[in-house]
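Okay, so here's the structure we're looking at.
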Amino acid sequence: MGPRLRLQDGAPTGVRFFVDTSVWSLALRRSDPPAVPEVAVLGEALDQGDLVFTTGLVLQELLQGFRGPTAKDAIIQRFASLPFLVPGRSDYIEAAGVRNECRRRGVQVGTIDALFAALCLSKDLTILTTDRDFHRIADILPLSCWRSKGTG
Numbered sequence: 000m001g002p003r004l005r006l007q008d009g010a011p012t013g014v015r016f017f018v019d020t021s022v023w024s025l026a027l028r029r030s031d032p033p034a035v036p037e038v039a040v041l042g043e044a045l046d047q048g049d050l051v052f053t054t055g056l057v058l059q060e061l062l063q064g065f066r067g068p069t070a071k072d073a074i075i076q077r078f079a080s081l082p083f084l085v086p087g088r089s090d091y092i093e094a095a096g097v098r099n100e101c102r103r104r105g106v107q108v109g110t111i112d113a114l115f116a117a118l119c120l121s122k123d124l125t126i127l128t129t130d131r132d133f134h135r136i137a138d139i140l141p142l143s144c145w146r147s148k149g150t151g
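When you line the sequence shown up against numbering that gives the first Met the number 0, it's residues 0 to 151, in that order.
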């Protein structure tokens, strides 16, 4: 379960990330996480005390993807120290707007991705993800989406 990742306990440095399930699932693998830039950025953010936010859907998706009580307990324990976003009515309204605007521009966005984008937009968070759908959203809306050098 990603032994190199320590969850935050230091002073924040100003970066505020929302980390998508795609990055967490790579970072929390039992063996060494793969050499993916987003996983490295997550590790650095946690080490530096940057704020790393999560939400119930990310936690649920991770728990659904890992087997066994040990993995479950480790994920729950590791996520206990993260700031937890609880979407409200306005977030769901904004998510519908995100999805509708993207559809108008010819980009299909899933319901959960639209909600994650809406949370990032309303809370001024940078999304850290390997899911290219978020980069397509960022091409349409002012979503701050971390991109590795060379990916535009």
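Glycine included, every Cβ here is placed at the ideal spot set by N, Cα and C.
Would residue i count as contacting chain B if we go by Cβ distances under 8 Å?
i          : result
residue 73 : Going by chain labels, chain B is absent from the structure shown, which holds only one protein chain.
State the start and end residues of the unbroken beta strand (DSSP E) segment that holds residue i.
i          : result
residue 38 : No beta strand (DSSP E) contains residue 38, which is instead part of the alpha helix (DSSP H) from 36-47.
residue 88 : It is not in any beta strand (DSSP E) - residue 88 instead sits in the alpha helix (DSSP H) that spans 88-103.
residue 51 : 50-54
Using a Cβ-Cβ cutoff of less than 8 Å, which residues in the same chain neighbour residue i once the five nearest sequence positions on both sides are dropped?
i           : result
residue 142 : 116, 119, 120, 126, 133, 136
residue 33  : 25
residue 129 : 19, 21, 22, 25, 35, 37
Please work out which residues of its chain come closer than 6 Å, Cβ to Cβ, to residue i, disregarding the five sequence neighbours upstream and downstream, and give them in chain order.
i           : result
residue 75  : none
residue 9   : Below a pLDDT of 50, predicted positions are generally treated as unreliable, and residue 9, at 42, falls in that range; no measurement from the model is reported.
residue 147 : 36
Taking residue i as the reference, which of the options has the closest Cα?
i           : options           : result
residue 99  : 86, 88, 113, 89   : 113
residue 60  : 25, 101, 107, 138 : 25
residue 21  : 105, 57, 72, 103  : 57
residue 101 : 124, 65, 139      : 139
residue 93  : 73, 72, 110, 65   : 110
Whole angstroms are fine: how far does the CA of residue j sit from the CA of residue i?
i           : j           : result
residue 122 : residue 67  : 34 Å
residue 131 : residue 69  : 31 Å
residue 84  : residue 90  : 11 Å
residue 63  : residue 41  : 21 Å
residue 165 : residue 38  : Any property of residue 165 remains undetermined from this structure, which presents the chain solely from 0 to 151.
residue 95  : residue 108 : 10 Å
residue 144 : residue 88  : 24 Å
residue 105 : residue 97  : 12 Å
residue 65  : residue 71  : 7 Å
Which residues in the same chain have their Cβ closer than 7 Å to the Cβ of residue i, if we skip the five residues on either side of it in sequence?
i          : result
residue 44 : 14, 16, 51
residue 78 : 53, 58
How would you write the range of the alpha helix (DSSP H) that residue i sits in, first residue to last?
i           : result
residue 127 : That residue, residue 127, is in no alpha helix (DSSP H); its beta strand (DSSP E) goes 125-127.
residue 78  : 68-78
residue 17  : Counting along the chain, residue 17 falls outside any alpha helix (DSSP H), though it belongs to the beta strand (DSSP E) covering 15-18.
residue 133 : 131-139
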